[in-house]
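Enquirer: The opening position of the sequence shown corresponds to residue 14 in the working numbering, with each subsequent residue numbered one higher.
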Amino acid sequence: MPIRLTVNGRERSSDAPAMGALVDLLRDEFHLTGAKPVCREGFCGACMVLIDGVPTLSCLTPAALVEGSHVRTIEGLCADGVPSPLQAALERHDAVQCGMCFPGMVVTLTDFLERTERPSREAVRAALTGNICRCTGYERIVDAALSLASDRVGPAVAPGVEAT
Ligand code: FES
Ligand code: FES
Numbered sequence: 014m015p016i017r018l019t020v021n022g023r024e025r026s027s028d029a030p031a032m033g034a035l036v037d038l039l040r041d042e043f044h045l046t047g048a049k050p051v052c053r054e055g056f057c058g059a060c061m062v063l064i065d066g067v068p069t070l071s072c073l074t075p076a077a078l079v080e081g082s083h084v085r086t087i088e089g090l091c092a093d094g095v096p097s098p099l100q101a102a103l104e105r106h107d108a109v110q111c112g113m114c115f116p117g118m119v120v121t122l123t124d125f126l127e128r129t130e131r132p133s134r135e136a137v138r139a140a141l142t143g144n145i146c147r148c149t150g151y152e153r154i155v156d157a158a159l160s161l162a163s164d165r166v167g168p169a170v171a172p173g174v175e176a177t
């Protein structure tokens with residue numbers, strides 16, 4: 014029985030094994046390789062996608078469970094090759110990480126900033142706790158997220174204060 018779902022606004026179906034991981038369905042069947050199966054144990058966040066708007070680890074999600082769902086991957090965040098506002102802010106801040114960890118971080122932050130109008134620095138850092146980079150800091154990424162939030166609604170609240 015084929016699995017049917019919507020991925021980045023496009024209806025898709027597959028006869029891939031239903032109990033296979035969503036990350037493999039995305040990568041192997043739909044050739045969307047942005048989500049990375051790095052640890053496959055739920056620790057690193059490299060496989061993060063949005064399922065019906067909820068950040069979800071696609072390495073731990075059986076493909077069968079996404080039947081009828083709307084999945085958004087890193088590939089779906091830009092439109093016609095135009096970076097999303099977050100992607101543009103990250104670029105302006107030279108906040109570029111490797112291709113293993115970064116897509117998951119961008120998916121996580123996209124969701125966070127859609128839900129959080131005026132985040133504090135601590136809130137942005139907390140949002141990224143499930144996305145692990147093993148080699149560098151997160152400061153430029155946090156700077157980019159705060160700058161985007163500030164551009165949208167004005168300066169962020171004082172450090173340590175959660176505004177929303
Ligand atoms: S690959 Fe899914 S959390 Fe690491
Ligand atoms: S830059 Fe990707 S794991 Fe550190």
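Note that CB positions come from ideal geometry on N, CA and C, so glycine has one too.
Keep in mind the model is a prediction, meaning the values are calculated, not measured.
Express the C-alpha separation of Gly47 and Ile87 in angstroms, rounding to a whole number.
Expert: Their Cα atoms are separated by approximately 6 Å.
Enquirer: Any chance you could list the beta strand (DSSP E) runs of at least 3 consecutive residues sitting entirely within the segment 58-97, in chain order?
Expert: 61-64, 67-70 and 83-85, all fully within the segment 58-97.
Enquirer: Once DSSP output is grouped into helix, strand and coil, what is the label at Ala34?
Expert: Three-state DSSP puts Ala34 in a strand.
Enquirer: Cα separation between Val95 and Cys57?
Expert: Roughly 27 Å between the two C-alpha positions.
Enquirer: Kindly indicate the opening and closing residues of the alpha helix (DSSP H) around Leu126.
Expert: Where Leu126 is concerned, the enclosing alpha helix (DSSP H) stretches over Phe115 to Arg128.
Enquirer: When you compare only the Cα positions, how much space is there between Ser82 and Leu18?
Expert: Between Ser82 and Leu18, the C-alpha separation is close to 5 Å.
Enquirer: At what residues does the alpha helix (DSSP H) containing Leu18 begin and finish?
Expert: Premise fails: Leu18 lies in the beta strand (DSSP E), Ile16 to Val20, not in any alpha helix (DSSP H).
Enquirer: To the nearest angstrom, how far is it from the Cα of Gln100 to the Cα of Gly150?
Expert: For Gln100 and Gly150, the distance between alpha carbons rounds to 18 Å.
Enquirer: In whole angstroms, what separates the C-alpha of Ala136 from that of Cys114?
Expert: Whole-angstrom Cα-Cα distance: 19 Å.
Enquirer: Identify the continuous alpha helix (DSSP H) that holds Arg11 and give its terminal residues.
Expert: Nothing about residue 11 can be read from this structure; the chain reaches only from 14 to 177.
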